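Notes follow once the structure below has been shown.
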Amino acid sequence: FEVYWNVPTQQCLRNYGHDFTRNLKTYGILVNNGDKFQGEQITIFYESQLGFYPSILKNGTWVNGGLPQAANISKHLQRAAEDLQNTIKNESFNGIGVIDWEAWRPSWNFNWIPLDIYREKSKEFARKQSSTLNDKEIEELAKHQWGNGARSYMLETLELSKKLRPSANWGYYLFPDCYNYVGKKPADFECSEKVKIENDKLSWLWNSSTVS
């Protein structure tokens with residue numbers, strides 16, 4: 002396997018004269034020239050850097066439609082294409098492209114506190130469209146709409162990235178994840194069967210990703 006360095010250490014070179022690039026290359030670690038955060042080896046896109054990513058801020062403000070099922074994906078993809086081509090100007094870029102979207106998760110069950118606001122707002126969104134349904138039916142509709150919207154946003158953005166920079170390896174940061182960050186015994190840090198089952202439902206994402 003290969004190890005990539007994706008830390009903005011160019012500030013260390015500029016402010017303190019410490020050349021991380023030289024040291025890292027000594028150990029065979031791949032790093033962008035000049036310790037740049039976005040470069041020829043690896044480029045990462047945060048939520049505000051690739052298209053119009055829908056999210057809900059901590060203060061309740063809806064950004065770019067708030068929910069993926071309520072957002073304008075056509076407008077997003079048009080802007081994403083512009084952002085990607087402006088950031089990665091080399092059409093032959095063959096490094097790693099990372100999309101880092103962390104405001105919500107495509108799996109309904111993984112949007113727990115504090116991300117549960119997306120489940121609540123999705124149910125409100127569904128109720129406005131189908132006010133005659135009962136609570137259970139509203140939740141099922143919300144889950145369906147959420148799943149379709151999230152999948153469209155993530156998958157179509159990934160496919161667009163692959164189309165525009167086909168020589169690169171593309172994928173999403175933190176996918177897959179086992180969400181096993183805390184525990185008191187070794188078994189607590191294993192990937193639970195419940196999480197494995199949910200991750201398997203994201204086969205559409207794994208099949209489209211080209212980085213592993």
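Its first residue numbered 2, the sequence shown is counted upward by one per residue in the numbering used here.
Every residue, glycine too, gets a C-beta built ideally from N, C-alpha and C.
Quick caveat, the model's predicted, so the values are computed rather than measured.
Which term fits residue i, buried or exposed, when burial requires 16 or more other beta carbons within 10 angstroms of its beta carbon?
i, result
"N33", "buried"
"H77", "buried"
"F94", "buried"
"L85", "buried"
"W147", "buried"
"W171", "buried"
"A169", "buried"
"G67", "buried"
"T44", "buried"
"A188", "exposed"
"T62", "exposed"
"R15", "exposed"
"Y17", "exposed"
"L203", "buried"
Is the beta carbon of residue j closer than 8 Å to that of residue i?
i, j, result
"S56", "G98", "no"
"S132", "L142", "no"
"W205", "L175", "no"
"A151", "I139", "no"
"F46", "N65", "no"
"R166", "E92", "yes"
"L25", "E3", "no"
"L108", "E199", "Residue 108 is actually Ser in this sequence, not Leu. Yes; because the gap between Cβ atoms is below 8 Å, this pair is in contact."
"L159", "S193", "no"
"G96", "Q42", "yes"
"Q39", "T88", "yes"
"T22", "D36", "yes"
"Y119", "N112", "yes"
Have a look at the DSSP bridge pairing and note the partners of residue i.
i, result
"Y5", "L31"
"W171", "G98"
"S56", "V64"
"T44", "G98"
Should residue i be listed as close to the ligand GTP, given that the test is whether its C-beta is under 7 Å from any heavy atom?
i, result
"V64", "No copy of the ligand GTP appears in this structure; indeed no ligand is present at all."
Are the segment 64-77 and the segment 121-129 touching, with three or more C-beta to C-beta distances below 8 Å? yes
For a minimum of 4 consecutive residues, which ranges assigned as the alpha helix (DSSP H) are wholly contained in the segment 60-143? Listed in chain order, they are 74-88 and 118-130.
For the structure I just gave you, are there three or more beta carbon pairs, one from the segment 88-106 and one from the segment 181-195, closer than 8 Å? no
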